[in-house]
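Chains as they are written, first to last, in the working numbering: chain G, 1 to 268; chain B, 1001 to 1268; chain V, 2001 to 2316; chain U, 3001 to 3316.
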Ligand SMILES: Cc1cc2nc3c(=O)[nH]c(=O)nc-3n(C[C@H](O)[C@H](O)[C@H](O)COP(=O)(O)OP(=O)(O)OC[C@H]3O[C@@H](n4cnc5c(N)ncnc54)[C@H](O)[C@@H]3O)c2cc1C
Ligand SMILES: Cc1cc2nc3c(=O)[nH]c(=O)nc-3n(C[C@H](O)[C@H](O)[C@H](O)COP(=O)(O)OP(=O)(O)OC[C@H]3O[C@@H](n4cnc5c(N)ncnc54)[C@H](O)[C@@H]3O)c2cc1C
Ligand SMILES: Cc1cc2nc3c(=O)[nH]c(=O)nc-3n(C[C@H](O)[C@H](O)[C@H](O)COP(=O)(O)O)c2cc1C
Ligand SMILES: Cc1cc2nc3c(=O)[nH]c(=O)nc-3n(C[C@H](O)[C@H](O)[C@H](O)COP(=O)(O)O)c2cc1C
Ligand code: FES
Ligand code: FES
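Below, the structure written as structure tokens:
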């Protein structure tokens, strides 16, 4: 069920130099949402920006939900100006979220940059279901981690930074590799799922290292420029195998797709 | 001499429900300006609004000048948001101001609505030169008078309101008529000038009642949609007799024109 | 006394409860938005353009926002007429608004194929011939750039259907007059214009076009001045009704389109931002017409005052 | 070692110290803005279009702002070639930038008359034939809508001048390719495009058009996507240089025009808002080229990557 509503902003805070977190009150969307889904957000009642902006649902707590975003352009910049008490038009929850089969025992979640918020949501969700969760976070620098300094997810997560600085440095794929090896050794790969959300570099690298056939599930969440957000405009097509055409729609068939169905955006 | 500069905003205050007054620091423009000239103002460093907005120079006091405007659309609305300490790009002083011949003894200044600010400037200027000034202000209601509640100009002015309410009601033309009669009786018409700035209704009415040939001078300030403000784009043409073509440019040949050269915008 | 609806309009034989029609490509197959906003606020909707077979559309990216405008190169991705008849058509009845199916093709015969199949479906109130899509290699815009082909296509469709239909024209021509006259001569009940304006955007860093097809169709507020000029041009040359569109956001925009000659309007891109737009537009129109003492919005069609030039700050 | 200026460009025989040219109609006769902003920041300026005699232009109102765009119907109001030669020409030398005179007419002979007289003036570096104004009844846009007439006019001008000249084309056509090829065949040194796009605006309250001429020419940021598409289209079909314009505000816009095929650009409407735009654009271009390690902006001409589709968030 999709909901279109004006939700009240509860808070809007900068959690890192270019990253913001907004909490909104939305009982209906919270009740309907699953991890991996997104909201299509009207930043402002105006034609600049013209379109809504897709943002993943971050944490959901009772009737409150979180959106976390990086300021990259006019829309995400303008969104920092909304303040508590104002309302924002939300459309959602949209798309197909991550699958969580009942017999799942281990979940490796690989979040890169702004791919982290939906992973935190998924992590909370699976942990509550009793799944062993391995939340792996990659970011360029400490400032690019989309988690507040005291965020509890920091305790649950293994964080790795591309640029050497404070903390371990390297790529999120290295952390994933480590877990694939460990779970293989403990004979758990068949009860393991891997979930990925992050830049294309991460996605393509994960396609290379993920032992696809041995896992229970491998899913990735994609981004694409969107119009309607609900499967109407055909604007958010990406190259994904398995559908009636070469393309599938991020907003409707995704954003979560089977990892190995996804084709590089660079064409053949 | 025209100046293009970023001037510092000294204050920006609402002086009536829809009318604002801004004081800016601009020694050079203040030194060069004469009453009736205008500034072309860049409301905001953006393309919305795209063009500058023409605003008459209101009072000039030493190196400070005043702009007074009514909020009528996007530009004038946006301009209310500038605050003290910010800078605003000014281009000016522009156009041909009012004439003030040396032998002038009486000046009848008729300002309607937002035509008042340049009249106040002219009034101050002529009074300082020793001319007998008659500042006549017409407005729809008391709220449409573009003067603050304690503005000293209120003492010098005769104010008349179209809608009966507090104070005398009627049309500014009635006040003008009274002075034409009085100055005719005292034999001073030949040393009298009339200056007009206001809506077309006022201008056309003044053309009817002004004893043109008997006066020393009759001038009117016109408005027109503007592009460049400096005679480049040919955008601000109005129908005025006396030039090489049917049209003259408000920004360059005006905004002040001889009252009887000006033709109704409604064509022949 | 009859209870008159001031925003009801008639486009020849087609009566609409509101002048607001959802534009093709911006309202899917008519059922997707129904759970979000009641379709009954619309006078009608136009479906995504339907081809004889499924079209997969153009490679991504297919959308690029440019300021307050949008570029698209969807390439008429659609399910094809057979799937439409099988899966969508049964759901169309009872939506509470009129159904207009947009028809697309690469050659004249394609349009005939689609219409022949749609003739079998009951819950359709009319067709819109999309002869103006800038995003397909053959057909599309090429049709409405060629008045002779337009007339041929329109008259062939006329010969196989008694249903109301309109031809949707492109603004990407020196003059829309010829195409509009051709559609009228061919027997169309109305024309709609404009489809999108050819445009492009580039990412200066990567030096890549923002659309995989390089150029695409420009829509949204920036094209309104172009659309108004085209509707006015067409209005002067034909007598069948014109459905105006391009950049409509507010009810004032709708009044403007009527003044320059439209008898109804379509709203496209704006639906993405706010699916409640039609309801808001109806409300705005209703208030305005009442305040202005106008009995029916149709009275406004073509009422542009062209008599005398005027100036800012007219006497008042 | 030679001190190279990375923003210097060559349009055939015409060398410019900056790719930024002030567009016709937006820089007067070249002398008005000189007291406000040094003309030396410009590679060149194009004068207001000059006709054989004074033209008084269209009735007011002549301008209407529409969102971030502008509609104009100036109607080529200009002083005529004789007054230009007598009063303006003597002041043109020493402005520190190249002088391009825009030439307008109602019939072919008009253009020849103007150019013949301008040939007598020393301080002129080139001409721009305005065959694309949408705001005059005869001539103007009609010329560049007709490739045969374009070629005839261009070749006649070629036969009477050795000076560099370009032809300015209209976007109000189905395709600019034919006009661009005609200009090239006629012997033009370059083409410039786009002139304004036909558009209109209405005041819904008074039901009057916002321009006395009803329709006018649309300029400013909203037309940039249209302009980029036209420049790209022309670039694929001709080999003489293209001067791109339409909606340029930032240095990034300039890079975009180069990428799609421009060898220089013009800035029009934006000059009204900020006469210092050329200086700022040069500075922005300079920084960018240095950072990106590009020796000369000319290297960017036509470098659009059309090889492979891509997606948002390319690997990085
Ligand atoms: C399903 C989904 C979930 C997302 N979740 C998040 C999130 O939780 N946090 C976050 O920071 N970002 C997220 N994004 C990306 C986010 O939508 C873009 O960063 C945002 O749209 C940029 O808007 P802008 O106006 O600031 O940027 P501009 O660059 O000015 O945007 C121009 C246009 O491009 C579109 N665009 C730009 N980047 C992207 C992108 N990466 N994906 C899709 N459209 C884009 C914009 O929507 C807009 O239409 C998500 C995208 C998708 C598709
Ligand atoms: C020489 C001159 C002096 C002026 N002095 C004053 C003054 O001192 N105080 C004051 O309140 N107003 C003055 N005006 C009018 C003022 O310029 C307009 O009210 C203002 O431009 C409206 O801008 P907007 O964006 O709020 O309105 P919008 O209606 O959104 O403007 C749309 C477009 O129309 C133009 N426009 C609208 N109304 C006018 C108008 N009356 N004259 C010229 N262009 C207009 C705008 O500049 C803009 O380009 C003057 C106009 C001129 C020509
Ligand atoms: C994403 C998108 C897809 C479109 N698809 C179609 C289509 O399939 N058939 C059609 O006739 N027009 C299509 N259009 C054009 C619109 O119907 C409309 O003519 C155009 O967008 C201008 O109106 P607007 O500015 O209100 O959007 C599409 C427009 C957009 C933005
Ligand atoms: C007010 C105005 C007057 C213009 N006059 C002329 C002209 O005389 N000759 C001409 O070739 N182009 C003229 N143009 C068109 C511009 O030169 C330019 O082609 C167009 O405005 C697009 O560029 P821009 O978006 O940067 O303004 C005029 C444009 C404007 C806005
Ligand atoms: S965004 Fe419209 S179909 Fe996905
Ligand atoms: S505003 Fe440009 S000529 Fe007056």
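Glycine included, every Cβ here is placed at the ideal spot set by N, Cα and C. Values in this document were obtained by computation on a predicted structure and should not be read as measured data.
Discussion item. Measuring straight from C-alpha to C-alpha, what distance separates residue 1132 (chain B) and residue 3114 (chain U)?
Written reply: The count along the second chain starts at 1 and reaches residue 1132 (chain B) at position 132. The count along the fourth chain starts at 1 and reaches residue 3114 (chain U) at position 114. If I take the Cα positions, the gap works out to 54 Å.
Worksheet item: Are the CB atoms of residue 2134 (chain V) and residue 2187 (chain V) nearer to each other than 8 Å?
Response: Reading the third chain from its first residue, position 134 is the one you call residue 2134 (chain V). Reading the third chain from its first residue, position 187 is the one you call residue 2187 (chain V). Result no, Cβ atoms of residue 2134 (chain V) and residue 2187 (chain V) do not sit closer than 8 Å.
Discussion item. Short of 6 Å in beta carbon distance, which residues of its chain neighbour residue 1018 (chain B), apart from the five on each side in sequence? Order them along the chain.
Written reply: Working through the second chain from its first residue, we reach residue 1018 (chain B) at position 18. Cβ neighbours of residue 1018 (chain B) beyond the five flanking positions: 1070, 1071.
Worksheet item: Going by Cα to Cα distance, which pick from B:1035, B:1087, B:1103 is closest to residue 1217 (chain B)?
Response: The count along the second chain starts at 1 and reaches residue 1217 (chain B) at position 217. Minimum Cα distance to residue 1217 (chain B) is reached at B:1103.
Fill in: Short CB-CB distance (under 8 Å) between residue 2177 (chain V) and chain U
Sequence index remark: in the third chain, residue 2177 (chain V) carries index 177 (1-based). Residue 2177 (chain V) does not count as touching chain U.
Worksheet item: Heavy atom of ligand 4 less than 7 Å from the Cβ of residue 3023 (chain U), yes or no?
Response: Residue mapping note: residue 3023 (chain U) aligns to position 23 of the fourth chain, counting from 1. The answer is yes for residue 3023 (chain U).
Worksheet item: Assuming residue 2267 (chain V) and residue 2023 (chain V) make a contact with CB atoms under 8 Å, what is their CB distance in whole Å?
Response: As a working mapping, residue 2267 (chain V) is identified with position 267 in the third chain. As a working mapping, residue 2023 (chain V) is identified with position 23 in the third chain. About 6 Å separates the two Cβ atoms, so the contact holds.
Worksheet entry | Proximity to residue 165 (chain G) [Cα-Cα], best of G:142, G:151, G:157 | The sequence position of residue 165 (chain G) within the first chain is 165, counting from 1. Of the listed residues, the one whose Cα sits closest to residue 165 (chain G) is G:142.
Item to complete: Pull up the CB-CB distance for residue 3146 (chain U) and residue 3102 (chain U), whole angstroms please, since I reckon it's below 8 Å.
Response: Mapped onto the fourth chain, residue 3146 (chain U) falls at position 146. Mapped onto the fourth chain, residue 3102 (chain U) falls at position 102. Rounded, the Cβ-Cβ distance is 20 Å, inconsistent with contact.
Discussion item. Restricting to Cα atoms, I'd like to know which of U:3136, U:3214, U:3242, U:3120 is closest to residue 3179 (chain U).
Written reply: Walking along the fourth chain from the start, residue 3179 (chain U) turns up at place 179. Cα-wise, what sits closest to residue 3179 (chain U) is U:3242.
Worksheet item: Relative to the C-alpha of residue 1031 (chain B), which residue among B:1015, B:1062, B:1045 is closest?
Response: One-based indexing of the second chain puts residue 1031 (chain B) at position 31. Checking every option, the nearest Cα to that of residue 1031 (chain B) belongs to B:1062.
Worksheet item: Which class does residue 2023 (chain V) belong to by DSSP, given the choice of helix, strand or coil?
Response: As a first step, residue 2023 (chain V) must be located in the third chain, where it is residue number 23. Of the three classes helix, strand and coil, the one that applies to residue 2023 (chain V) here is coil, per DSSP.
Worksheet item: Using a Cβ cut-off of 8 Å, which residues of the region 1238-1268 of chain B contact any Cβ in chain U, in chain order?
Response: 1238, 1239, 1244, 1245, 1246, 1247, 1265, 1267
Item to complete: Quick one: grab the DSSP three-state call for residue 2127 (chain V).
Response: By one-based count along the third chain, residue 2127 (chain V) stands at place 127. In the structure shown, residue 2127 (chain V) sits in a strand (DSSP, three-state: E or B).
Discussion item. Within a Cβ cutoff of 6 Å, which residues of the same chain sit near residue 2194 (chain V), ignoring the five residues on either side of it in sequence?
Written reply: Within the third chain, numbered from 1, the residue matching residue 2194 (chain V) stands at position 194. Answer for residue 2194 (chain V): 2171, 2227, 2230, 2246, listed in chain order.
Discussion item. Quick check: does the Cβ of residue 1250 (chain B) come within less than 7 Å of any heavy atom belonging to ligand 2?
Written reply: In the second chain, counting from the first residue as 1, residue 1250 (chain B) sits at position 250. Yes - ligand 2 has a heavy atom lying nearer than 7 Å to the Cβ of residue 1250 (chain B).
Discussion item. According to DSSP, simplified to helix, strand and coil, what is residue 3198 (chain U)?
Written reply: Taking the first residue of the fourth chain as position 1, residue 3198 (chain U) is located at position 198. Residue 3198 (chain U): strand per DSSP, three-state reduction.
Discussion item. To the nearest angstrom, how far is the alpha carbon of residue 2253 (chain V) from that of residue 2027 (chain V)?
Written reply: Residue numbering aside, residue 2253 (chain V) sits at position 253 when the third chain is read from its first letter. Residue numbering aside, residue 2027 (chain V) sits at position 27 when the third chain is read from its first letter. Taking the straight line from one Cα to the other gives about 20 Å.
Practice prompt. Out of B:1094, B:1026, B:1099, point me to the one whose CA is closest to residue 1055 (chain B)'s CA.
Written response: For this step, residue 1055 (chain B) is matched to residue 55 along the second chain. Comparing Cα positions, the closest option is B:1094.
Item to complete: Indicate whether at least one CB of chain V lies closer than 8 Å to the CB of residue 48 (chain G).
Response: Sequence index remark: in the first chain, residue 48 (chain G) carries index 48 (1-based). Closer than 8 Å: yes.
Worksheet item: Using a Cβ-Cβ distance under 8 Å, would residue 3113 (chain U) count as near chain B?
Response: Taking the first residue of the fourth chain as 1, we reach residue 3113 (chain U) at position 113. No, its Cβ sits nowhere closer than 8 Å to a Cβ of chain B.
Worksheet entry | C-beta neighbour in chain V for residue 37 (chain G), strict 8 Å | Your numbering for residue 37 (chain G) matches position 37 in the first chain. No, residue 37 (chain G) does not count as interfacial toward chain V.
Worksheet item: Which residues does DSSP pair with residue 1221 (chain B) in a beta bridge?
Response: Reading the second chain from its first residue, position 221 is the one you call residue 1221 (chain B). Beta-bridge pairing links residue 1221 (chain B) to B:1197, B:1256.
Practice prompt. Look at the alpha carbon of residue 1211 (chain B) and the alpha carbon of residue 1197 (chain B), and state the distance between them as a whole number of angstroms.
Written response: Mapped onto the second chain, residue 1211 (chain B) falls at position 211. Mapped onto the second chain, residue 1197 (chain B) falls at position 197. The straight-line gap from Cα to Cα measures roughly 17 Å.
Practice prompt. Under 8 Å by Cβ, that's how I've got residue 3091 (chain U) and residue 3128 (chain U) pegged, so tell me the actual separation to the nearest angstrom.
Written response: Looking up residue 3091 (chain U) in the fourth chain gives position 91. Looking up residue 3128 (chain U) in the fourth chain gives position 128. Going by Cβ atoms, the distance from residue 3091 (chain U) to residue 3128 (chain U) rounds to 19 Å, so no, they are not a contact pair.
Item to complete: Note down the Cα distance separating residue 205 (chain G) from residue 47 (chain G), rounded to an integer number of angstroms.
Response: The count along the first chain starts at 1 and reaches residue 205 (chain G) at position 205. The count along the first chain starts at 1 and reaches residue 47 (chain G) at position 47. In a straight line, the C-alpha of residue 205 (chain G) is about 38 Å away from that of residue 47 (chain G).
Item to complete: Would you identify the three-state DSSP class for residue 3255 (chain U), choosing helix, strand or coil?
Response: As a working mapping, residue 3255 (chain U) is identified with position 255 in the fourth chain. Looking at residue 3255 (chain U) - three-state DSSP - the assignment turns out to be helix.
Worksheet item: How many angstroms separate the CA atom of residue 2046 (chain V) from the CA atom of residue 2095 (chain V)?
Response: Position 46 of the third chain holds residue 2046 (chain V). Position 95 of the third chain holds residue 2095 (chain V). Roughly 13 Å between the two C-alpha positions.
Worksheet item: First and last residue of the beta strand (DSSP E) that includes residue 272 (chain G)?
Response: No answer is possible for residue 272 (chain G): it lies beyond the span of chain G, which begins at 1 and ends at 268.
Item to complete: Quick one: list the residues of chain U neighbouring residue 2232 (chain V), beta-carbon separation under 8 Å, in chain order.
Response: One-based indexing of the third chain puts residue 2232 (chain V) at position 232. In chain order: 3200, 3214, 3215.
Item to complete: At 7 Å on the CB atoms, spell out the chain U contacts of residue 1230 (chain B), in chain order.
Response: As a first step, residue 1230 (chain B) must be located in the second chain, where it is residue number 230. 3032, listed in chain order.
Worksheet item: Hey, how far is the Cα of residue 189 (chain G) from the Cα of residue 29 (chain G)?
Response: As a first step, residue 189 (chain G) must be located in the first chain, where it is residue number 189. As a first step, residue 29 (chain G) must be located in the first chain, where it is residue number 29. Straight-line Cα distance between these residues: approximately 34 Å.
Worksheet entry | Simplified DSSP assignment, three categories, for residue 1098 (chain B) | Looking up residue 1098 (chain B) in the second chain gives position 98. DSSP places residue 1098 (chain B) in coil when its eight states are reduced to three.
Discussion item. Would you say residue 2 (chain G) lies against chain V (beta-carbon separation less than 8 Å)?
Written reply: The residue labelled residue 2 (chain G) in the question sits at position 2 within the first chain. It does; some Cβ of chain V falls within 8 Å.
Worksheet item: Per DSSP, which one or two residues make a beta bridge with residue 2141 (chain V)?
Response: Reading the third chain from its first residue, position 141 is the one you call residue 2141 (chain V). Partner(s): none; residue 2141 (chain V) has no beta bridge.
Discussion item. With DSSP as the reference, identify every bridge partner of residue 3203 (chain U), one or two as the case may be.
Written reply: Here residue 3203 (chain U) refers to the residue found at position 203 when the fourth chain is read from its first residue. In the DSSP output, where bridge partners are listed per residue, residue 3203 (chain U) has U:3208.
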